[in-house]
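Visitor:
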Amino acid sequence: MIRNHRSVSALQAAHESPTLSHLAALTKESSARLKSLEGLLPGGLLKNIKPGPIEGSTWCLLLDNNAVAAKLRQLMPALQAHLRSKGWEVTSIRLKVQMSSLTR
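Sequential numbering of the sequence shown, starting at 130, is according to my numbering.
#1: G168: buried (16+ other C-beta within 10 angstroms of its C-beta) or exposed?
#2: For S221, report the span of its beta strand (DSSP E) as first-last.
#3: Spell out the partners DSSP gives T187 in its beta bridges.
#4: Any idea what DSSP makes of K215, helix, strand or coil?
#5: Using a Cβ-Cβ cutoff of less than 6 Å, which residues in the same chain neighbour G182 once the five nearest sequence positions on both sides are dropped?
Here it is, written out as structure tokens:
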């Protein structure tokens with residue numbers, strides 16, 4: 130058995146593997162979705178939100194704290210409508226507050 134040991138960049142590996150390529154596309158789409166919401170979010174809120182995974186028509190946002198989650202819950206209908214108007218099928222946005230490494 131002959132093995133070809135060549136190093137490849139993560140980007141090249143992602144393009145060559147169907148699974149990694151799909152994950153890379155979902156990551157890019159998740160970031161694009163969050164970027165499209167910039168104008169709808171109150172100032173300073175965006176820095177506390179990170180794009181999360183997309184699972185079918187459900188999108189997850191990773192949040193720094195509960196206050197951000199509370200504000201996003203108020204804005205949820207407008208956010209979902211905006212995303213649908215941009216062509217993304219989003220029926221649900223999941224909010225996940227991440228624990229700070231300082232409190233662990």
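Cβ coordinates follow ideal geometry from the N, Cα and C atoms, glycine included.
In this text, all values refer to a predicted model and were calculated from it rather than measured experimentally.
Guide: Reading from the atomic positions:
#1: By one-based count along the sequence shown, residue 168 stands at place 39. Exposed.
#2: Here residue 221 refers to the residue found at position 92 when the sequence shown is read from its first residue. First-last of the beta strand (DSSP E) with S221: S221 to V226.
#3: If you number the sequence shown from 1, residue 187 lands on position 58. Partner(s): E184 and S221.
#4: Within the sequence shown, numbered from 1, the residue matching residue 215 stands at position 86. The answer is coil: DSSP assigns K215 none of H, G, I, E or B.
#5: What you label residue 182 is simply residue 53 of the sequence shown in a count that begins at 1. For clarity, residue 182 is Pro in the given sequence; the question names Gly instead. Excluding positions up to five away in sequence, the list reads C189.
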